[in-house]
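Student: Below is a structure I'd like to ask you about.
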């Protein structure tokens, strides 16, 4: 069984169709992709994993009341248990 994925990118005039994804993409580009040279596929994976870990577990986000995404999810799950 094979899966076919089709990449679609919004036209430049539609860059605000999904502001959350556009913000994430901008952060990824500015904080990781534009500042690192990737020497191999493994090197790229390591650098992207490190950036993702920092983004989700160490860096606070003003849109999440200055919590990390991991903290925000933990709080949501706690609230669901009540």
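Residue numbers (UniProt numbering): 1 to 82. The beta-carbon is built from N, C-alpha and C at its ideal position, and this holds for glycine as well. The structure displayed is predicted, hence computed values, not measured ones.
#1: Mind listing, in chain order, the continuous alpha helix (DSSP H) runs of no fewer than 4 residues lying wholly within the UniProt domain "Integrase catalytic" (1 to 77)?
#2: Based on Cα-Cα distance, which residue from 45, 6 and 4 lies nearest to residue 32?
#3: Give every residue of the same chain whose Cβ lies closer than 8 Å to the Cβ of residue 27, excluding the five residues on either side of it in the sequence, and list them in chain order.
#4: Give me the Cα-Cα distance between residue 49 and residue 20, rounded to the nearest whole angstrom.
Tutor: In brief:
#1: 19 to 28 and 41 to 57
#2: Reading the chain shown from its first residue, position 32 is the one you call residue 32. Nearest C-alpha to residue 32: 45.
#3: Within the chain shown, the letter at position 27 stands for residue 27. Closer than 8 Å at Cβ, skipping near neighbours: 55.
#4: For the purposes of this step, residue 49 is taken as residue 49 along the chain shown, with counting starting at 1. For the purposes of this step, residue 20 is taken as residue 20 along the chain shown, with counting starting at 1. Cα to Cα, the separation comes out at about 20 Å.
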